[in-house]
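The numbering of the sequence shown is our numbering, which starts it at 95 and goes up by one.
Glycine is no exception: its CB is placed at the ideal position from the N, C-alpha and C atoms.
Bear in mind the structure is a predicted one, so any value in this text is a computation, not a measurement.
Shown next, in structure tokens, is the structure this report addresses.
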Amino acid sequence: MLIFTDTQKTLLSLLADGHFHSGTVLAAALNISRSAVWKQIESLAEYGIEIIAVSGKGYKLTRPLELLSETQITAGLTQQAAALLSKLEIYPQIDSTNRYLVECAQHQANSSQVCFAESQTAGKGRRGRQWVSPFGCNIYLSILWQFQNDPASISGLSLAVGVAVIRALRELGLTDIGLKWPNDIYWTDKKLGGILIEVSGEAGGSCSAVIGLGLNLYLPVKETAGITQPWTDLEQIIGSTNYSRNHVASVLLSHLLPVTANFETDTLNHYLAEWRSCDVMLNKAVSIYIGNQAIDGVVMGIDDNGMLLLKNSAGEIKTFASGEVSFRAAT
């Protein structure tokens with residue numbers, strides 16, 4: 095993982111407005127030479143930060159930037175969420191927030207740790223896919239939670255987490271938000287975010303879960319070439335000036351932490367009706383992929399254990415605990 099130096103932090107804060115700043119002004123503000131300013135500009139490229147240099151004008155970011163702030167995020171938490179939070183870390187760049195907290199869990203880290211990153215070099219999607227993670231654009235968030243009981247006790251946690259995200263997005267003013275089984279966040283048939291939960295533990299003992307969330311706030315077009323499904327981001331939905339990354343982070347945690355903390359007591363049953371009301375696949379024709387096998391059918395919702403119900407061409411209803419689901423075009 096990479097950590098900002100104090101000079102890099104100050105330089106980014108000066109450039110964050112997206113306007114040009116002369117090398118002379120930056121050098122004076124940083125108390126370094128103009129040539130040292132250029133070296134600092136180059137060092138920021140390691141994080142994937144694009145800075146334009148124009149002779150006679152100076153330096154500017156390609157777009158304004160709001161860095162995540164522990165102070166701002168914690169200040170925006172509800173009282174309940176703030177009481178649950180044990181530790182919050184923000185990294186400029188990390189391979190994966192999930193991988194980092196999985197490693198922390200292996201070393202018996204405390205529950206309710208939260209990790210954000212400005213960028214990820216190996217962000218995780220489902221089935222080993224990479225999660226596109228450009229610097230300073232989106233939310234890359236993971237939560238470590240230690241549960242008292244074994245992994246079976248938290249079956250369906252990803253569905254409850256999906257409900258928590260929907261609640262947060264509605265608080266932020268979004269409508270037409272839905273959930274695609276088992277763990278995708280959708281807005282009008284386009285993917286807005288995804289959830290990845292990694293659980294470790296043994297039957298009869300306790301377990302730990304790392305809950306990862308990637309939420310698209312702004313995806314640069316050049317970063318989207320490898321995305322193979324319809325997608326959207328918050329900027330397309332509500333505009334570039336109508337949200338703050340730190341406020342979004344606070345609202346998400348304010349919903350995610352209580353739902354996670356209460357899940358062993360509430361169980362999935364507490365969230366079933368709400369999840370079903372957000373189901374974007376209900377009555378849709380889909381293909382579900384189990385390994386290399388594709389099974390076609392019509393989605394009939396989820397059962398009380400959170401398993402997908404699929405009606406096949408023979409009219410039989412089959413249940414699936416996992417799988418990759420794709421919508422099929424109407425014929």
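Item	Value
Between the CA atoms of GLY417 and ASP373 - distance to the nearest angstrom	16 Å
Per-residue burial, LYS274 [other beta carbons within 10 Å of its own, 16 or more giving buried]	buried
Same chain only: Cβ atoms within 6 Å of GLY230, ignoring 5 sequence neighbours per side	LEU159, GLU212
Three-state class that DSSP yields for TRP275 in the structure shown	coil
Neighbour flag for LEU403 against chain D, beta carbons, 8 Å	Any reference to chain D falls outside this structure, which holds one protein chain only.
Between the CA atoms of VAL315 and SER294 - distance to the nearest angstrom	36 Å
Spatially closest choice to GLN323 from ALA297, ASP278, SER302, by CA coordinates	ASP278
Uninterrupted alpha helix (DSSP H) stretches inside the segment 174–249 (no shorter than 4 residues)	191–200
Burial state of GLY170 (16 or more Cβ within 10 Å)	buried
Cβ contact check for the segment 195–214 and the segment 230–249: 3 or more pairs under 8 Å	yes
Status (buried if at least 16 other CB within 10 Å, exposed otherwise) for ILE143	buried
GLY150 versus GLY117: straight-line alpha-carbon distance, rounded	9 Å
Assigned exposure category for THR354 - 16 Cβ within 10 Å defines buried	buried
Counterpart residues of THR413 in DSSP-defined beta bridges	LEU403
Where PHE421 sits in the DSSP three-state scheme	strand
Segment contact flag, the segment 247–266 with the segment 362–373, C-beta cutoff 8 Å, min 3 pairs	yes
Residues that DSSP places opposite SER302 in a beta bridge	GLN240, SER294
One or two residues paired with ILE145 in a DSSP bridge	LEU155
Cutoff 8 Å; reference SER227; Cβ partners in own chain excluding five residues on either side	ALA211, SER213, GLN214, THR215, GLY217, TYR234, GLY308
ILE389 - containing beta strand (DSSP E), residue span	387–396
Residues near ALA297 in its chain [Cβ-Cβ closer than 8 Å; skip 5 each side]	ASP244, PRO245, ALA246
Alpha carbon of LEU106 to alpha carbon of LEU155, nearest angstrom	9 Å
Coil, strand or helix - SER381 by DSSP	strand
Local Cβ density within 10 Å of ALA424, reported as buried at 16 or more and exposed below that	With a pLDDT of only 47 at ALA424, under 50, the local geometry of the prediction cannot be trusted, and no value is derived from it.
Anticipated Cβ contact below 8 Å, LEU286 with THR318, distance rounded	In fact, because the Cβ distance is near 13 Å, the residues do not count as touching under 8 Å.
Which of helix, strand or coil DSSP assigns to ILE321	coil
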